[in-house]
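In what follows, a structure is listed as structure tokens, so that the remarks can point back to it.
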Amino acid sequence: MQLEKIFDLVRKEDVVLWIGSGFSLYAGYPNGKQLSSTIYQSLSPAEKAEISENLFLADLTEQYVRLKAGSRNSLVALLRKELNKAPQSTKWHEVLAKIPHLKTIVTTNYDHLFELAYKQIIYPIIFEKDVSYRDDRVELIKLHGDINHPDTIVITKTDYAEFFRKNTQGNLIWTLIKERISNKSIVFIGYDMEDDNISNMFKEITEALGTNRKEMFLIAPGLKQHKIDYLVRMGIQYLNFKGEPFVEKLYDNIKDRISTDFSNGDVSVETLGKFFAKNDLAVDLKTVGDRFKISSVKSLRDLSNGRLKLQFKNDKQFIKSFYEFIHEKKLGQLCIEGNQLESFKLLLNDVNIITDNLGDYQLQIRSIPKREGTVSLLFEDGSEFENVEYKLYTTQNSLEIISSFKNCTYTLQACVNVLADEDETINATFKFTQSPAFNNVNDAIASYKLCLNLAKGNAVTVFLPNVSNGILLKPRNSNFPTDSLESNIAFFECLKKIEKLYNVRFINIGEYSSEEFDNAFKLVQFANEGHYVQDWDEELEWEIIKDSPLDLLLTIQKGAQFEAESTKLEQIKLFDKEITLGYLILEPLDLYIVNLTEVINKETSIVKIRSKSKKIKLRYTQTPRSDNP
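When the sequence shown is numbered by my numbering, its final residue is 684 and no position is left out of the sequence of numbers.
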């Protein structure tokens, strides 16, 4: 389809727009035929007798100037009266101003509609000297002049003759136009082909470009067949369409395709940024290989317009699940993979920010809470928890309460049909999601104690703010093991003691290892009892000096105390803290010599010692001892 072809060319930044007077009609400005009538009606009866009313604009104005003794002053005054008045609207020019894909616009209009709509982002080229000064603004080549510069206006037959003569003499403006249209397609809007000068202009363009030209299109409503045939001979494709609806459809098409075009490399980073900005959007990009991709888009409006359009593939089961979720028959989250969709559009300020590569996307839809806020929880054992955040979700036959406390999440699910129990309780199941890190030890203890109460099925009364009567909940069927909760509570209570004993503070506490678990209890026992007893099923060995007395060995065998001391100052690492303990003293308990007979018989000089109870006592001294054996 020709319309889609033009849209595609514009989106690839490959079009020069060529605008005639028909595109100014909606603004209340006249086209050529209407302007001719206005000029003719301004004549006196005697002057009207000298000129035919049915002349084309160029012929009429030529005769008009002759009647005025060659003066153009009254003609210019008429033009200014018609074209300097405030426009009724600039809507469609403003829409064009939102399309940065159009870098060059050529117009045969004298008015300032483009300047009003584009403001500072357009650069009018009226004189040849304007050609040499160009920047990144949109080029507006005013081919027939400007109403504020009467000497530039091309309107009479003589003007047109001079206009076409300049085309053959290397005029800089014509040279610029030829350069622009030599490698881009042309879209003409606002021409009805009634004026021979317009036909001559088309002929000049086609002859200048020769056979290597790109495509040309004329958009106009209701042309007669002989005019269409002429366009075909000129190599111009005709679209029976009004200019304003065309611009609207073009803009909508770009809004729908901009993200995909950028992903495919058809749109520059600069054009993408400008288009999004024109639609009150800010875009962030990321580098993927040697290309940029859109990483995020946000609206710059206080109240954004967001819409989601989905078309599913023929998956009846999934469509059923989606229907139940949307109509609040199910709670939670629904995940939609891109390959489950026939089409997917996410519109922000009416701009589709999704590409055609649906496999790159995963859509997650979450239930919206019916109510949210904070509550206080009072358990039957008297423990109380304040400022517990909650979100209440409901369906036709169930409810779900998701609470947040100290960075942990607690979920209660219940059937609505039990809300009317005589004891005014809700039978609920319970789930717990642990925080990846606690801010401090107290938060961890409180979180696990709250979880333990719920997991054990302890009844809890929920108090809403400013409500004296609570709601009694009885959790059941917990799927979270209570032994791990009790172990966690014991560990963090141990950390609390360590903070006091060793004057430290633990913050941002994440998962702990089994070694850290053991170390925590060791530290507390060392501080409280001065030693720590642990399992030990190893051997100590030492070599006796030749001919040394064996009294020490016999003493050990009879249960004497034996100690070994490290000469290295030891520390225990617990999370990000290193706590100094001192010099380790090892005292195996219930000693016996494994190879006493061999040593006495001097069959070996290596003494091997073990513990009958397989225990060893560890303690520390702050200064190394020199009298250890």
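Beta carbons: idealized from backbone N, C-alpha and C, even for Gly.
For Trp73, the uninterrupted beta strand (DSSP E) run begins and ends at Val70 to Ile74, by DSSP. Under the DSSP assignment, Leu278 falls outside any alpha helix (DSSP H); it carries neither an H nor an E label. Our two residues, Val559 and Ile500, have alpha carbons roughly 17 Å apart in a direct line.
Closest by C-alpha distance to Leu605, out of Thr93, Arg189, Asn656 and Glu566, is Asn656. Of all alpha-carbon atoms in Gln388, Gly387, Cys390 and Tyr416, the one lying nearest the alpha-carbon of Leu401 is that of Tyr416. Beta-bridge analysis with DSSP links Gly428 to Tyr445. Under the DSSP definition of a beta bridge, Glu642 partners with Lys672. Between the region 321-332 and the region 91-102, the count of C-beta pairs closer than 8 Å stays below three; the two stretches do not touch. If you draw a straight line from the Cα of Leu433 to the Cα of Asn442, it comes to about 12 Å. In the same chain as Ile562, and ignoring 5 residues on each side of it, the C-beta atoms closer than 6 Å to its own belong to Asn495, in chain order.
Excluding its 5 nearest sequence neighbours in each direction, Leu556 has C-beta neighbours in its own chain below 6 Å: Ala582, listed in chain order. Setting aside the 5 residues that flank it on each side, Leu595 is surrounded in the same chain by Ile664, each with a C-beta closer than 6 Å to its C-beta; the list follows chain order. For Ile228, the closest C-alpha among the options Gly512, Ala337, Ile160 and Tyr306 is that of Ile160. Our two residues, Lys672 and Glu439, have alpha carbons roughly 41 Å apart in a direct line.
Taking Asp590 as the centre and dropping the five residues before and after it, the same chain places the C-beta of Lys669 and Lys670 closer than 7 Å to its C-beta, in chain order.
Beta-bridge pairing by DSSP links Met56 to no other residue. Counting of Cβ neighbours within 10 angstroms places Pro491 among the exposed residues, the total staying below 16. Per DSSP, Ala545 is one residue of the alpha helix (DSSP H) stretching across Thr537 to Tyr557. Here Lys461 is buried. Its C-beta has 16 or more other C-beta atoms within 10 Å.
Within the model, the alpha-carbon separation for Cys390 versus Ile420 is close to 6 Å.
When rounded, the separation of the alpha-carbon atoms in Ile526 and Ile423 is 22 Å. Between the alpha carbons of Tyr587 and Ile599 lies a distance of about 29 Å. Between the C-alpha atoms of Ala619 and Glu642 there is a straight-line separation of about 7 Å. The alpha helix (DSSP H) runs lying completely inside the region 211-276 and spanning 4 residues or more are 212-222, 227-237 and 251-264, given in chain order. Nearest to Gly361 by alpha-carbon distance, out of Glu270, Leu336 and Glu392, is Leu336.
Only residues of its own chain outside the window of five on either side were considered, and among them Leu98, Glu102, Glu105 and Ile106 have a CB closer than 8 Å to the CB of Leu122, listed in chain order. Segment contact: the region 449-469 against the region 502-521, three or more CB-CB distances shorter than 8 Å; contact assigned. Take Ser318, set aside five residues on each side of it, and the residues of its chain with a beta-carbon closer than 6 Å to its own are Thr410, in chain order. Ranked by Cα distance from Leu134, the first of Asp114, Asn86, Ser144 and Ala152 is Asn86. As the crow flies, the alpha-carbon of Val242 is around 53 Å from that of Lys384. Contact between the region 109-119 and the region 137-148 is not established, with fewer than three Cβ pairs separated by less than 8 Å. CA-CA distance, Ile553 to Glu571, rounds to 13 Å.
The beta strand (DSSP E) runs lying completely inside the region 68-132 and spanning 3 residues or more are 70-74, given in chain order. Taking every protein chain shown into account, the CB of Gly245 has 16 or more other CB atoms within 10 angstroms, so this residue is buried. Apart from the 5 residues on each side of it in sequence, Val430 sits with its Cβ closer than 7 Å to the Cβ of Val443, Tyr445, Val517, Phe518 and Leu519 in its chain, given in chain order.
Measuring C-alpha to C-alpha distances from Thr676 to each of Asn650, Gln372 and Ile640 identifies Ile640 as the nearest.
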